[in-house]
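Which chain is which? The protein sequence lines are A and B, in order.
Counting from 1, one number per residue, gives the positions in the first sequence under the working numbering.
Counting from 433, one number per residue, gives the positions in the second sequence under the working numbering.
Each remark here refers to the structure printed beneath this line.
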Amino acid sequence: MFPKGSNQILGMNARNQIFLRLNARAGRRIADSKILTKRVLTKNGLPTPGLLKVFRNVRDIFEFDWITLPDNFVLKPVSGYGGGGIIIVKKKAKWAGQWRLMDESIIDVSSLRHQALDILAGQYSLHNLPDWAMIEERVKISKVFRKFTYQGTPDIRVIVFNKVPVMAMLRLPTAASHGKANLHQGAIGVGIDMATGITTYGIWQGKFLKYIPGTKRKINGLKLPRWTEILTLAVKAQEAVPSLGYVGVDIVFDKEHGPVILELNCRPGLEIQNANSSPLRKRLERVSGLDVVSADHGVRIAKTLFAERFADRVMAEEGIKTIGVWEEVKIRLSQDEKVPVRAKIDTGAWKSSIDKDLAREMGLLKASNVLWTKTYKGSLGQEKRQVINLCFYLAGRKIETIASVANREKLRTPLIIGRRDLEGFIIKPGRI
Amino acid sequence: MDFFQGIINQAVSGGVSEETIVLFLLLPLVASVVAAARHLIGFRGFGILIPTAIALVFVATGITIGFLLFLIILLVATLTRSLLQRLRIHYLPRMALVLWFVSMFMLLFIFVSPFLGIGQISGVSILPILILVLLAEEFVTVQLGKSLREAARMTIETLIIALIGYFIFNFSLLRRLALERPEWIIFTPAVFNLLLGRFTGLRLLEFRRFRRLFR
């Protein structure tokens with residue numbers, strides 16, 4: 001009756017019935033107050049953006065000397081939700097008491113004060129209950145994220161369950177979301193491979209994206225920096241608030257401080273499944289009941305269990321690469337001219353060696369490219385050989401090196417690659 | 433189970449109107465439909481209060497008039513809200529102003545309606561209209577922080593549920609059942625909601641939302 005796999009998807013009913021039940025009242029109280037969150041996290045030695053001021057009543061707002069605020073800061077409700085009521089100030093404008101927002105418009109003290117009063121009156125809090133307002137340091141966007149940023153700061157949502165980060169997404173604010181990172185407000189959600197921190201799919205207002213809207217930049221394939229650190233931080237946040245069993249941790253990447261925890265969400269949304277094209281309930285069930293001893297352990301479990309199919313290949317690229325004995329390399333002649341050549345990987349030789357005729361054909365023997373001439377003692381007796389500059393690609397890696405020129409006419413390949421150029425490779429002697 | 437029926441018969445002969453009894457008995461049923469619309473279908477709606485209240489208003493005023501009033505009030509409330517957004521005033525005074533506009537407009541409408549040939553409106557009891565006016569605040573609050581599309585969707589879903597509620601209240605078979613076999617109307621919603629409260633499967637609309645995840 002139901003489509004296959006429907007019991008692997010986390011729907012609203014299951015989330016509320018099964019998983020949100022794991023969030024005890026004490027934990028929800030902490031997550032719902034940004035100040036309490038900050039206090040608890042700081043006590044546990046976890047990084048959060050600096051707190052500049054809390055307004056607990058109307059008097060606080062009028063007694064506060066707004067002029068003393070730094071160049072950039074964020075005014076937000078302590079118990080806001082869905083990114084409502086937040087004003088992000090980018091820099092000081094020309095006159096004292098005026099600032100510029102992310103979209104370059106100007107805001108003055110009286111507008112800020114008014115916003116703070118609205119926040120206190122409960123306009124942005126859950127159920128419109130009276131609230132506090134706070135001013136926080138603004139997180140400065142790290143360079144890696146800058147090209148994905150329209151207005152506002154992209155953040156990374158990690159869902160942590162039983163000390164294992166089960167799913168993550170990058171949230172990119174857009175014009176439609178008014179700089180907020182909330183998917184319901186119109187931000188883009190981008191799935192992230194748990195093993196490598198590489199983005200996979202994008203989703204925007206229920207539609208799948210290949211490119212960032214309005215640009216030709218691909219949405220997938222971006223590698224987030226310091227991914228392991230981000231995941232570990234997310235798990236540590238749950239460890240700091242153990243009464244939250246199922247929590248969304250929002251992390252921003254600060255230019256100077258690296259990953260910083262922005263807030264905890266005790267009712268994380270379900271759209272993350274679409275962004276990752278992957279059902280969440282299945283992942284939660286796999287992790288449920290595991291005995292996770294530390295944050296590092298949890299991260300290792302996540303990386304092993306939830307790796308995308310491409311993860312193996314990428315992880316290999318990061319470290320050691322495996323090649324066969326016979327490889328096709330591309331010799332680089334100029335900016336856009338690369339010639340494929342069959343090569344033998346030869347660990348018996350130190351230097352790479354290229355056939356004389358081939359080198360001449362490619363124009364590698366012109367005087368400016370020849371480094372020196374040397375008398376060689378090889379298995380074929382003594383001979384004079386030229387040594388030239390050579391640049392080639394082996395298994396996708398660019399190798400700039402020197403090579404000796406020899407007559408290899410009667411040998412099987414016009415090029416051998418020696419040990420000098422094989423740093424970071426493993427050679428598999430059999431067929432691959 | 434003649435017990436319940438006995439009580440009802442006694443009450444009716446004692447002067448309690450049948451309509452009152454029927455509405456009271458059917459109210460939990462309508463509320464259950466609202467709950468089912470949330471948990472089985474996936475309508476987001478406005479909670480239980482608004483759809484049920486609107487359904488009752490429809491019953492009291494008749495469907496055409498009720499629908500008309502609902503649309504007018506919603507329109508005026510939404511328009512004034514977006515107008516007042518530009519004025520920087522506090523939340524509660526702003527809401528009071530929204531209600532001011534809605535009330536004034538309704539009064540005007542009632543004054544003008546006899547000349548427009550829809551005289552029935554002045555005959556409608558004032559309480560249902562007042563309830564609709566007060567619901568305007570709820571509407572506006574829920575609309576806050578949501579996109580226009582989202583707000584429109586929620587409104588339409590609410591209307592659908594309210595209409596279903598209206599038809600349940602007016603369904604003659606159910607009305608007869610409520611008077612003749614009240615135990616069914618009393619216990620079915622209770623059992624149904626106990627079961628519904630533990631349902632953890634996907635909602636109907638979630639099959640569509642997550643259709644890409646079925647492989």
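Using N, Cα and C, we set each Cβ at its ideal position, and we do this for glycine too.
List the residues that DSSP assigns as beta-bridge partners of residue i.
{"i": "Asn23 of chain A", "result": "A:Leu244"}
{"i": "Phe425 of chain A", "result": "A:Lys321"}
{"i": "Tyr376 of chain A", "result": "A:Glu383"}
{"i": "Leu36 of chain A", "result": "In DSSP, Leu36 of chain A forms no bridge with anything."}
{"i": "Phe161 of chain A", "result": "A:Val164, A:Tyr246"}
{"i": "Phe208 of chain A", "result": "A:Ile203"}
{"i": "Leu172 of chain A", "result": "A:Ile188"}
Could you give the DSSP three-state label for residue i: helix, strand or coil?
{"i": "Lys53 of chain A", "result": "strand"}
{"i": "Asp250 of chain A", "result": "strand"}
{"i": "Gln17 of chain A", "result": "helix"}
{"i": "Asp167 of chain A", "result": "The amino acid at residue 167 of chain A is misidentified as Asp; the sequence shows Met. Three-state result, Met167 of chain A: strand."}
{"i": "Leu371 of chain A", "result": "strand"}
{"i": "Tyr201 of chain A", "result": "strand"}
{"i": "Phe475 of chain B", "result": "coil"}
{"i": "Leu591 of chain B", "result": "helix"}
{"i": "Leu270 of chain A", "result": "coil"}
{"i": "Tyr81 of chain A", "result": "coil"}
{"i": "Lys236 of chain A", "result": "helix"}
Taking the continuous beta strand (DSSP E) assigned at residue i, which residues delimit it?
{"i": "Ile106 of chain A", "result": "106-108"}
{"i": "Val341 of chain A", "result": "337-345"}
{"i": "Gln386 of chain A", "result": "381-394"}
{"i": "Val74 of chain A", "result": "73-77"}
{"i": "Trp99 of chain A", "result": "98-101"}
{"i": "Pro259 of chain A", "result": "258-265"}
{"i": "Glu400 of chain A", "result": "397-406"}
{"i": "Ala133 of chain A", "result": "133-137"}
{"i": "Val89 of chain A", "result": "87-92"}
{"i": "Val293 of chain A", "result": "Here Val293 of chain A belongs to no beta strand (DSSP E), and DSSP marks it neither H nor E."}
{"i": "Asn440 of chain B", "result": "The amino acid at residue 440 of chain B is misidentified as Asn; the sequence shows Ile. Counting along the chain, Ile440 of chain B falls outside any beta strand (DSSP E), though it belongs to the alpha helix (DSSP H) covering 434-445."}
Nearest-angstrom Cα distance between residue i and residue j?
{"i": "Met102 of chain A", "j": "Ile88 of chain A", "result": "7 Å"}
{"i": "Phe499 of chain B", "j": "Val454 of chain B", "result": "22 Å"}
{"i": "Arg21 of chain A", "j": "Val293 of chain A", "result": "23 Å"}
{"i": "Ala26 of chain A", "j": "Pro242 of chain A", "result": "10 Å"}
{"i": "Pro154 of chain A", "j": "Arg171 of chain A", "result": "5 Å"}
{"i": "Gly494 of chain B", "j": "His127 of chain A", "result": "33 Å"}
{"i": "Gly447 of chain B", "j": "Phe456 of chain B", "result": "16 Å"}
{"i": "Ser464 of chain B", "j": "Phe624 of chain B", "result": "8 Å"}
{"i": "Ser177 of chain A", "j": "Glu612 of chain B", "result": "55 Å"}
{"i": "Leu515 of chain B", "j": "Ala14 of chain A", "result": "40 Å"}
{"i": "Phe547 of chain B", "j": "Met536 of chain B", "result": "18 Å"}
{"i": "Gly434 of chain A", "j": "Met194 of chain A", "result": "Lying before the first or after the last residue shown, residue 434 of chain A is absent from chain A, which here runs from 1 to 432."}
{"i": "Ala359 of chain A", "j": "Gly197 of chain A", "result": "42 Å"}
Kindly say whether residue i, judged by its beta-carbon, lies nearer than 8 Å to any beta-carbon of chain A.
{"i": "Phe631 of chain B", "result": "yes"}
{"i": "Leu529 of chain B", "result": "no"}
{"i": "Thr573 of chain B", "result": "yes"}
{"i": "Leu634 of chain B", "result": "yes"}
{"i": "Leu566 of chain B", "result": "no"}
{"i": "Phe646 of chain B", "result": "yes"}
{"i": "Phe624 of chain B", "result": "no"}
{"i": "Tyr523 of chain B", "result": "yes"}
{"i": "Phe456 of chain B", "result": "no"}
{"i": "Phe639 of chain B", "result": "yes"}
Locate the alpha helix (DSSP H) running through residue i, then write down its first and last residues.
{"i": "Thr496 of chain B", "result": "495-518"}
{"i": "Trp616 of chain B", "result": "614-628"}
{"i": "Tyr714 of chain B", "result": "Residue 714 of chain B lies beyond the range of chain B shown here (433 to 647); nothing can be said about it."}
{"i": "Arg332 of chain A", "result": "Segment 326-334 is the beta strand (DSSP E) holding Arg332 of chain A; no alpha helix (DSSP H) there."}
{"i": "Leu458 of chain B", "result": "450-468"}
{"i": "Gly348 of chain A", "result": "Segment: none, Gly348 of chain A is in no alpha helix (DSSP H) and carries neither H nor E."}
{"i": "Leu636 of chain B", "result": "636-641"}
{"i": "Ile459 of chain A", "result": "Past the edges of chain A, shown from 1 to 432, lies residue 459 of chain A, and the structure says nothing about it."}
{"i": "Ile61 of chain A", "result": "58-63"}
{"i": "Leu415 of chain A", "result": "Leu415 of chain A -> not in any alpha helix (DSSP H); beta strand (DSSP E) instead, spanning 415-417."}
Report yes or no: is there a C-beta of chain B within less than 8 Å of the C-beta of residue i?
{"i": "Ile18 of chain A", "result": "yes"}
{"i": "Gln123 of chain A", "result": "yes"}
{"i": "Ala14 of chain A", "result": "yes"}
{"i": "Asn128 of chain A", "result": "yes"}
{"i": "Asp131 of chain A", "result": "no"}
{"i": "His297 of chain A", "result": "no"}
{"i": "Ser105 of chain A", "result": "no"}
{"i": "Ser288 of chain A", "result": "no"}
Starting from residue i, find everything on chain D with Cβ-Cβ shorter than 7 Å and list it in chain order.
{"i": "Phe642 of chain B", "result": "Absent here is chain D; the protein component of the structure consists of chains A and B."}
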